[in-house]
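Below: one structure, written as structure tokens.
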Amino acid sequence: MTVPALHSVGTQQHLSVLVAEPDPAVAADLAEAMSVLGAEVTTCANGAEALLRTGLTHPDVVLISTDLPGVPVAVAVQAIREQRVAAVIAGMSATDDSVLMNALLAAGVSAIVARPYRMPELTPLLAGIRPNATPGEGLLRTGSLSVDLRSYEATIGGQKVQLTVRELELLAYLIRNTESVVTSGQIMTAVWGRSHSTTNTLVVHIRRLRMKLGDDLRNPRIIRTVRGLGYRLVAPDDTPAGSTSASSPSTRDTTSSRIRRISSIGLPAGSSIAQSR
Numbered sequence: 001m002t003v004p005a006l007h008s009v010g011t012q013q014h015l016s017v018l019v020a021e022p023d024p025a026v027a028a029d030l031a032e033a034m035s036v037l038g039a040e041v042t043t044c045a046n047g048a049e050a051l052l053r054t055g056l057t058h059p060d061v062v063l064i065s066t067d068l069p070g071v072p073v074a075v076a077v078q079a080i081r082e083q084r085v086a087a088v089i090a091g092m093s094a095t096d097d098s099v100l101m102n103a104l105l106a107a108g109v110s111a112i113v114a115r116p117y118r119m120p121e122l123t124p125l126l127a128g129i130r131p132n133a134t135p136g137e138g139l140l141r142t143g144s145l146s147v148d149l150r151s152y153e154a155t156i157g158g159q160k161v162q163l164t165v166r167e168l169e170l171l172a173y174l175i176r177n178t179e180s181v182v183t184s185g186q187i188m189t190a191v192w193g194r195s196h197s198t199t200n201t202l203v204v205h206i207r208r209l210r211m212k213l214g215d216d217l218r219n220p221r222i223i224r225t226v227r228g229l230g231y232r233l234v235a236p237d238d239t240p241a242g243s244t245s246a247s248s249p250s251t252r253d254t255t256s257s258r259i260r261r262i263s264s265i266g267l268p269a270g271s272s273i274a275q276s277r
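Read in order, the letters of the sequence shown are residues 1 to 277 in UniProt numbering.
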């Protein structure tokens, strides 16, 4: 069942949401409430159908219940994330335990909310989600570094860089904010969901990105640490990934006099997400 959007929320592109919910009454209520917010909602009642619909329709968001039959929910979340969905929100009931929560987080869930669902909790999450490939934003580029959100490929100096989905989403966020200081909290909100991420997780992913981009781990020139605040991405030159000249003095920042600002990511306060499946 598909419920057409009634109106858009601040953009010309409707947010597409797949609601994977075994209770038909709950699914119908969610579909009606979300459509009022401008979402195009499709519902399904089991894990196998959720995976099939994700592959066929490529929704921006999947709201999946931990009670969904057919496929273990953590397995379903991991498979859905591999389809490059901007965000996966899991609904947990009071009887679910921390083991399941940890499995969901490891699988790549963007946010976890309580069931029964409450629209005041879901609304800011949905409002903060950006589709992976909005018109005109399929290709992100800064200097010799580029990310294609349509094919989920990254290149530096014309050479492909093998990144995981999460690493690519992190890099895409940094590219969108090139030359701007972004706080660790902003990054974690945009890429992981603030309530379910740790600074150590971010540090590990930043280190991996630096290694794969050929950045100098001791004196990084592309992804720079701004002590006490967060990180700043500086557009690299045309040096291929892995070249030692990526960290040479010639690539030193020449914009030290530029006013540094803490950039906004446009999320509602307290939101757990940004897009990013």
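Where a beta carbon is used, it is the ideal one built from N, C-alpha and C, also for glycine.
State the start and end residues of the unbroken beta strand (DSSP E) segment that holds Gln159. Along the sequence shown, one-based indexing puts residue 159 at 159. Here the beta strand (DSSP E) through Gln159 covers 159 to 161.
By the 10 Å Cβ neighbour count, where 16 or more other Cβ atoms means buried, how is Val41 classified, buried or exposed? Your numbering for residue 41 matches position 41 in the sequence shown. Val41 is buried by the Cβ-count criterion.
Arg224 - partner residues in DSSP beta bridges: Translated into the one-based positions of the sequence shown, residue 224 becomes position 224. Answer is Arg232, bridged to Arg224.
Using the rule of at least 16 other Cβ atoms within 10 Å of the residue's Cβ for burial, across every protein chain shown, is Met34 buried or exposed? For the purposes of this step, residue 34 is taken as residue 34 along the sequence shown, with counting starting at 1. With 16 or more Cβ atoms within 10 Å of its Cβ, Met34 is classed as buried.
Residues near Arg232 in its chain [Cβ-Cβ closer than 6 Å; skip 5 each side]: Counted from its first residue, the sequence shown places residue 232 at position 232. Excluding positions up to five away in sequence, the list reads Val181, Arg224, Val226.
For Glu21, the nearest candidate out of Val62, His14, Ala39, Gly38 (CA to CA): Counting from 1 along the sequence shown, the entry for residue 21 is found at position 21. Residue nearest to Glu21 within the set Val62, His14, Ala39, Gly38 is Val62 (criterion: CA-CA distance).
Selection from Val77, Thr183, Ile222, Val109 that minimises the alpha carbon distance to Ala48: Within the sequence shown, the letter at position 48 stands for residue 48. Looking at the Cα atoms, Val77 is the closest of the given residues.
According to the neighbour-count rule (16 or more other Cβ atoms, all chains shown, within 10 Å of its Cβ), is Asn177 buried or exposed? As a working note, residue 177 is residue 177 in the sequence shown. In summary, Asn177 is buried, with 16 or more beta-carbon neighbours lying within 10 Å of its beta-carbon over all protein chains present.
Does DSSP classify Arg176 as helix, strand or coil? By 1-based counting over the sequence shown, the position of residue 176 is 176. Correct three-state label for Arg176: helix.
For Glu153, which three-state DSSP category applies? For this step, residue 153 is matched to residue 153 along the sequence shown. DSSP places Glu153 in strand when its eight states are reduced to three.
Could you work out which residue in Gln162, Leu56, Leu171 is closest to Ser16 when comparing CA atoms only? Reading the sequence shown from its first residue, position 16 is the one you call residue 16. Per the Cα distances, Leu56.
Ala90 to Val165, Cα distance in whole Å? On the sequence shown, residue 90 is found 90 positions in, with the first residue counted as 1. On the sequence shown, residue 165 is found 165 positions in, with the first residue counted as 1. When rounded, the distance between both Cα atoms is 19 Å.
Determine the DSSP secondary structure at Ser98, reduced to helix, strand or coil. In the sequence shown, the residue the question calls residue 98 occupies position 98. In the structure shown, Ser98 sits in a helix (DSSP, three-state: H, G or I).
According to DSSP, simplified to helix, strand and coil, what is Glu82? Here residue 82 corresponds to residue number 82 of the sequence shown, with the count starting at 1. Coil at Glu82, not helix or strand.
Just to confirm, is the Cβ distance from Ile139 to Lys212 under 9 Å? The residue given as residue 139 occupies position 139 in the sequence shown. The residue given as residue 212 occupies position 212 in the sequence shown. Rather than Ile, the amino acid found at residue 139 in this sequence is Leu. Cβ atoms of Leu139 and Lys212: not closer than 9 Å.
For Gly230, is the classification buried or exposed, using 16 other Cβ atoms within 10 angstroms of its Cβ as the cut-off for buried? Looking up residue 230 in the sequence shown gives position 230. Buried, because 16 or more other Cβ atoms sit within 10 Å of the Cβ of Gly230.
How about His205 and Glu167: are their beta carbons less than 9 Å apart? Residue 205 sits at position 205 when you count from the first residue of the sequence shown. Residue 167 sits at position 167 when you count from the first residue of the sequence shown. A contact, by the Cβ cut-off of 9 Å.
Based on Cα-Cα distance, which residue from Val203, Glu82, Val85, Ile175 lies nearest to Gly185? For the purposes of this step, residue 185 is identified with residue 185 of the sequence shown, where counting begins at 1. The candidate whose alpha carbon is nearest that of Gly185 is Val203.
Who are the Cβ neighbours of Leu18 in its own chain at under 6 Å, not counting the five residues just before and after it? As a first step, residue 18 must be located in the sequence shown, where it is residue number 18. Excluding sequence neighbours, Leu18 sits near Thr42, Arg53, Pro59, Val62.
Check each candidate in Thr199, Arg150, His14 and name the one with the smallest Cα separation from Gln83. Counting from one through the sequence shown, the residue named residue 83 turns up at place 83. Ranking Thr199, Arg150, His14 by Cα distance to Gln83 puts Arg150 first.
Given a cut-off of 9 Å on the beta-carbon distance, is the pair Ala39 and Val71 in contact? As a working mapping, residue 39 is identified with position 39 in the sequence shown. As a working mapping, residue 71 is identified with position 71 in the sequence shown. The Cβ atoms of Ala39 and Val71 do not sit closer than 9 Å to each other.
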